[in-house]
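Chemist: In this note's numbering, the protein residues as written are 95 to 467.
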């Protein structure tokens with residue numbers, strides 16, 4: 095019987111040397127979805143992957159695969175395969191033999207092995223390279239061999255631990271599209287681990303944002319970006335201005351000394367909140383038309399747009415705009431109601447969202463460059 099959830103983690107805790115790495119974590123992973131575990135180094139995402147693979151056992155909690163508890167089932171008996179950052183290919187075997195390796199272990203007939211390897215190499219665009227030795231391949235080609243080998247025996251779940259980290263930027267972007275396409279063609283579940291937010295947003299059906307061994311938010315890339323649940327998620331996924339606010343009543347909030355209409359409700363009257371405004375959602379306008387006014391302290395040209403830091407009452411905002419402005423310009427900021435997102439206060443409140451340090455770092459870099467010149 096097919097279950098909608100292929101993997102379920104139930105109240106999982108893991109500690110290393112007395113330090114909790116996963117803290118009572120629960121997560122349902124749907125069949126045939128591309129799900130990404132996203133978070134900074136040490137947040138517990140790779141540990142979660144290793145638990146599903148069977149390389150590690152939880153201290154407490156259950157791992158369920160297709161409705162059956164699999165705690166204690168060894169890795170080789172689980173219907174999962176793993177691709178690591180280091181591809182662990184066999185240097186003494188050619189491309190064909192690397193892909194065929196797992197099929198030979200399963201004692202598959204030679205004719206079927208040939209058909210399967212041919213099919214897999216076609217899928218990853220490596221047809222014709224069967225006889226090539228691994229050390230003559232580029233990083234991207236080695237990556238593809240690793241994928242072909244991992245999917246040759248058609249696991250129900252493929253685990254990918256930062257597999258694109260070693261590739262250069264252009265190749266990484268190409269491989270992101272490639273992986274998504276392969277996943278859709280094969281219709282198997284991909285569980286992908288990365289600390290790269292753009293990678294997570296580009297590829298995933300759902301993103302699981304983690305920090306401190308806990309899940310901070312699960313949702314579609316759009317949900318996570320547009321409706322972050324706390325200051326950590328808002329800051330980790332893209333740039334964010336995060337300011338202290340007071341929710342005066344439903345649909346009406348005060349921050350930075352002004353009052354604004356917004357689209358949020360369900361808070362207590364006069365509840366202290368965190369307010370998120372994305373840099374691309376702020377319009378710079380003449381001072382007399384601004385809801386807020388401030389002074390430009392830094393301007394960086396990034397090709398597609400300018401990144402402008404504006405000081406509003408000592409709090410530095412980042413604004414992304416295609417219009418040019420200059421340091422010391424006095425400007426107004428205009429913010430539409432749908433650009434304002436209200437979050438409950440959390441342990442992360444006050445830690446993110448002010449670009450003072452960003453501005454100072456830029457100034458310092460510029461000063462250093464001038465000295466060198």
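Idealized CB from N, CA, C, for every residue including glycine.
(1) Expressed to the nearest angstrom, what Euclidean distance is found between the alpha-carbon atoms of residue 224 and residue 168?
(2) For residue 149 and residue 141, I'd like the C-alpha separation in whole angstroms.
(3) I'd like to confirm the pairing. Which residues does DSSP put opposite residue 188 in its beta bridges?
(4) Could you check which residue in 340, 156, 357 and 123 has the C-alpha nearest to that of residue 98?
(5) Compare the beta carbon distance of residue 407 and residue 444 with 8 Å and say whether it is the shorter of the two.
(6) Tell whether a beta-carbon distance below 8 Å holds between residue 427 and residue 386.
(7) Given that a residue counts as buried once 16 or more other Cβ atoms are within 10 Å of its Cβ, and exposed if not, what is residue 251?
(8) DSSP three-state call for residue 418: helix, strand or coil?
(9) Specify, as a first and last residue, the run of the alpha helix (DSSP H) that residue 359 falls within.
(10) How do the segment 324-343 and the segment 171-180 stand: do at least 3 beta-carbon pairs fall below 8 Å, yes or no?
(11) Spatial neighbours of residue 348 within its chain, please: CB distance less than 7 Å, with the 5 preceding and 5 following residues excluded, ordered by chain position.
(12) Excluding the 5 residues flanking residue 112 on each side, which residues of the same chain have their C-beta closer than 7 Å to its C-beta?
(13) Report the residue ranges of all beta strand (DSSP E) runs contained in full by the segment 336-409; include only those spanning at least 3 residues, in chain order.
(14) Please report the straight-line C-alpha distance between residue 391 and residue 381, rounded to a whole angstrom.
(15) Pick out whichever of 226, 369 and 276 has its Cα sitting closest to the Cα of residue 321.
(16) Suppose only complete runs of 3+ residues qualify. What are the beta strand (DSSP E) ranges in the segment 153-214, listed by chain order?
(17) Tell me the rounded alpha-carbon separation between residue 294 and residue 132.
(18) Could you check whether the segment 178-193 touches the segment 240-249, counting it as contact only if at least three pairs of C-beta atoms, one from each stretch, sit closer than 8 Å?
(19) Alpha helix (DSSP H) containing residue 314: first to last residue?
(20) To the nearest angstrom, how far is the alpha carbon of residue 365 from that of residue 332?
(21) Which partner residues of residue 246 appear in the DSSP bridge assignment?
(22) Under 8 Å by Cβ, that's how I've got residue 402 and residue 393 pegged, so tell me the actual separation to the nearest angstrom.
(23) Name the DSSP bridge partner or partners of residue 286?
(24) Rounded to whole angstroms, what is the Cα-Cα separation between residue 151 and residue 413?
(25) Please name the residue in 100, 129 and 215 whose C-alpha comes closest to that of residue 163.
(26) Can you look up residue 331 in the DSSP assignment and give me helix, strand or coil?
(27) Per DSSP, what kind of secondary structure is residue 320 in: helix, strand or coil?
(28) Pull up the distance between the alpha-carbon of residue 95 and that of residue 146, whole angstroms please.
(29) By the 10 Å Cβ neighbour count, where 16 or more other Cβ atoms means buried, how is residue 272 classified, buried or exposed?
Modeler: Straight from the coordinates:
(1) A direct Cα-to-Cα measurement between residue 224 and residue 168 gives close to 32 Å.
(2) Taking the straight line joining both Cα atoms gives about 9 Å.
(3) For residue 188, DSSP records a beta bridge to 227.
(4) The candidate whose alpha carbon is nearest that of residue 98 is 123.
(5) Between residue 407 and residue 444, the C-beta spacing is not below 8 Å.
(6) Against a cut-off of 8 Å, the Cβ pair of residue 386 and residue 427 comes out as a contact.
(7) Under this definition residue 251 is a buried residue.
(8) Per DSSP, reduced to three states, the secondary structure at residue 418 is coil, with no helix or strand assignment.
(9) In this chain, residue 359 is not harboured by any alpha helix (DSSP H), its DSSP state being neither H nor E.
(10) Fewer than three pairs of CB atoms, one per stretch, sit closer than 8 Å, so the segment 324-343 makes no contact with the segment 171-180.
(11) Excluding positions up to five away in sequence, the list reads 339, 340 and 342.
(12) Nothing meets the Cβ criterion.
(13) For the segment 336-409, whole beta strand (DSSP E) runs of length 3 or above, ordered along the chain, are 346-349, 352-355, 365-371, 376-379, 386-395 and 400-406.
(14) Cα atoms of residue 391 and residue 381: separation of roughly 16 Å, rounded to the nearest angstrom.
(15) Of the candidates 226, 369 and 276, the one whose C-alpha sits nearest the C-alpha of residue 321 is 369.
(16) Within the segment 153-214, the complete beta strand (DSSP E) runs of at least 3 residues are 154-159 and 174-177.
(17) Answer to the nearest angstrom: the Cα atoms are 7 Å apart.
(18) Contact holds: three or more Cβ-Cβ distances are below 8 Å.
(19) Per DSSP, residue 314 is not a residue of any alpha helix (DSSP H), being assigned neither H nor E.
(20) Approximately 26 Å, taken between the alpha carbons.
(21) According to DSSP, residue 246 bridges with nothing at all.
(22) The Cβ separation is near 5 Å, so the contact holds.
(23) Bridge partners of residue 286: 130 and 254.
(24) If I take the Cα positions, the gap works out to 46 Å.
(25) Nearest in C-alpha terms to residue 163, of all of 100, 129 and 215, is 100.
(26) In this structure, DSSP gives residue 331 a state outside helix and strand, which the three-state scheme calls coil.
(27) In this structure, residue 320 counts as helix in the three-state DSSP scheme.
(28) Legend: pLDDT at residue 95 = 38, less than 50; position of this residue unreliable, value from coordinates given subsequently. Roughly 21 Å between the two C-alpha positions.
(29) Buried, because 16 or more other Cβ atoms sit within 10 Å of the Cβ of residue 272.
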